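Numbering (the working numbering), first residue to last: 563 to 952.
See structure below.
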Amino acid sequence: MQAKTLIIGAGAAGLMCAAQTGAGTIVIDHAKAAGEKIRISGGGRCNFTNMGCGADNFISQNRHFAKSALKRYTQWDFIEMVDRHDIAWHEKTLGQLFCDETAKDIIKMLIAESPEMDLRLRTSLVSLDQTENGFRAVIETGGKQDTLNVANVVVACGGKSIPKMGATDLGYKIAQKFGHQIIETRPALVPLTFSGNPFASMSGTAAPVRLTANDTSFDEALLFTHRGLSGPAVLQVSSYWTEGDSITVDLASNGTLPQTIKTARSTEGRKDLTTILAQHLPTKLVAHLSTLLDLSGNVGDLSDKKIDALVDDLRNWSLTPNGSEGYRTAEVTLGGVDTDGLSSKTMISKNTPGLYFIGEVVDVTGWLGGYNFQWAWSSGWAAGQDIAGN
Ligand SMILES: Cc1cc2nc3c(=O)[nH]c(=O)nc-3n(C[C@H](O)[C@H](O)[C@H](O)COP(=O)(O)OP(=O)(O)OC[C@H]3O[C@@H](n4cnc5c(N)ncnc54)[C@H](O)[C@@H]3O)c2cc1C
């Protein structure tokens, strides 16, 4: 069978690309439904973009690579599409936009944008080879094989995160077969683990913190769990953390704690220091901290020097994770197809005409907060427009 374009992966990037390429597009996916990660994203409401999205919100060996696609297809372009489909949305926090109802609305919208797409689910790629005019792909659905001759192949099969949902390393294998380098991959936006369950007694407790790993800080919530640390602050720094590094928790980043304690010293001097701290931090966290720091005695007995030393300890709580929960729960995969081998404008391979890489398989990883979907939309759009124009 002849077709213009084969897109491998009916996820966020693949569906957006198909919406641009139009007639003659076959999209294959081994899953039983398209856009499964969209469906479960954002707690079922899909944090589909971020109003503040820019290249600084991404990690890549080449921090300039994402700029072009993000500028050509912006968050405002995607919001316009969402509005056109009458999907109600709201800003939750920090510019993060979510559907009011369900993430399924985004999947339906993308499928509706591609009326001519030939979508083949439960379909796998058996082989992919270059020919004189493009590519020959053998695909298999329900034990039946089909040979496709196509001019373009778009690799949109995502990263390695959540293998249970169908994530595979197919995209990286295709890249290597066609001479592309792979930047080492690792799980990102992932909870961090600790030996000996040190936070078990306060599992479920959350606190607003400034969390730092390798000189990169995020002001968000930290969640203590029975396995270690989670919550937005931890997911964010996990992308900057590598095995063996410590992370620094600042429990008083807004700077008001010294004054709070000094005021309490003169107005509530007979109260325990732990009682005063519990006005600022969750009680269970204060109880945990009292096993690490000397928090005994009345607040009225504290000298300025002691208060300053205590605040310093609370602002520089150093913890060393022993690992992360890995690809089992990671929201994304850091690393991937080296951007040196791709055009930043169109995502086309520099060494293989007609071959494109889009979305998470590329070495561009966003922060938590809708950035990863925006990368999928922008890179998918850029490749799709290029194909549509040829
Ligand atoms: C739990 C969770 C929540 C998330 N929430 C958000 C969020 O709210 N906001 C945000 O911006 N990002 C979020 N993300 C990240 C976001 O889902 C991904 O970055 C995004 O889906 C990447 O798009 P993609 O098209 O590159 O890959 P995917 O969406 O993963 O699509 C890849 C497709 O390829 C298919 N595939 C893989 N291997 C093969 C194969 N061998 N053969 C055939 N098909 C194959 C898969 O079945 C899949 O359909 C979340 C991720 C997870 C895991």
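Backbone N, C-alpha and C define an ideal beta-carbon position, used for all residues, glycine too.
Since the structure is predicted, the reported quantities are computational estimates derived from the model, not experimental observations.
* Within this structure, are the beta carbons of Leu632 and Pro794 separated by less than 8 Å? -> no
* What first and last residue would you give for the beta strand (DSSP E) that runs through Gln652? -> The identity of residue 652 in the sequence shown is His, whereas the question assumes Gln. Unbroken beta strand (DSSP E) run through His652: 651-653.
* Between the Cα of Arg684 and the Cα atoms of Glu694, Glu702, Leu839, which residue gives the shortest distance? -> Ranked by Cα distance from Arg684, the options Glu694, Glu702, Leu839 are led by Glu702.
* To do: State yes or no: is the C-beta of Asp591 nearer than 7 Å to some heavy atom of ligand 1?
  => yes
* Hey, would you say Val811 sits closer than 8 Å to Leu855, going by beta carbons? -> no
* Complete beta strand (DSSP E) runs within the stretch 704-760 (minimum length 3 residues, chain order) -> 706-717, 744-750
* Asked: Under 7 Å from any heavy atom of ligand 2, does the C-beta of Leu687 make it?
  -> This structure lacks ligand 2; its bound ligands are ligand 1.
* Asked: Mind checking whether Lys824 and Asn860 have CB atoms under 8 Å apart?
  -> no
* Asked: Is the beta carbon of Val894 within less than 7 Å of some heavy atom of ligand 1?
  -> yes
* **Closest by C-alpha distance to Arg890, when choosing among Phe780, Met727, Tyr635, Ile588** => Residue Met727 is the option with its Cα nearest to Arg890.
* Just to check, is the beta-carbon of Ala513 closer than 7 Å to a non-hydrogen atom of ligand 1? -> Residue 513 cannot be examined here, being either before or after the span of the chain that is shown, 563 to 952.
* To do: Compare the C-alpha of Glu893 against each of Ser852, Asn609, Met671 and name the closest.
  => Asn609
* Just to confirm, does Val716 get its C-beta within under 7 Å of one of the non-hydrogen atoms of ligand 1? -> Judged by the Cβ position, Val716 fails to qualify as a neighbour of ligand 1 at the 7 Å threshold, every heavy atom of the ligand being at least this far.
* Span separating the alpha-carbon of Lys599 from that of Ser880 -> Their backbone Cα atoms lie some 34 Å apart in a straight line.
* Asked: In whole angstroms, what is the alpha-carbon distance linking Gln936 and Leu791?
  -> Near 27 Å, if we compare the C-alpha coordinates of Leu791 and Gln936.
* To do: Determine the burial state of Val717: buried for a count of at least 16 other Cβ atoms within 10 Å of its Cβ, exposed for fewer.
  => Label assigned to Val717: buried.
* For Asn860, the residue or residues it bridges with in DSSP -> Asp834
* Please confirm whether Asp639 and Trp651 have their CB atoms less than 8 Å apart. => With a cutoff of 8 Å on beta-carbon distance, Asp639 and Trp651 are scored as not near each other.
* Asked: How is Tyr918 classed by DSSP in three states: helix, strand or coil?
  -> strand
* Asked: What separation, rounded to the nearest whole angstrom, lies between the Cα atoms of Ala762 and Tyr933?
  -> 32 Å
* Asked: Can we count Leu732 as close to ligand 1, meaning its CB is less than 7 Å from some heavy atom?
  -> Yes - ligand 1 has a heavy atom lying nearer than 7 Å to the Cβ of Leu732.
* Could you spell out the range, first to last residue, of the alpha helix (DSSP H) harbouring Pro794? => Element bounds for Pro794: 794-800.
* Asked: Is the closest heavy atom of ligand 1 to the C-beta of Phe935 under 7 Å?
  -> yes
* Taking DSSP as the reference, what is the three-state secondary structure of Val923? -> helix
* Starting from Pro883, trace the alpha helix (DSSP H) both ways and give me its first and last residue. => Element bounds for Pro883: n/a, residue is neither H nor E.
* Asked: According to DSSP, is Leu813 helix, strand or coil?
  -> coil
* To do: Figure out for me which residue from Cys719, Leu751, Ile588, Leu754 has the closest Cα to the Cα of Arg682.
  => Ile588
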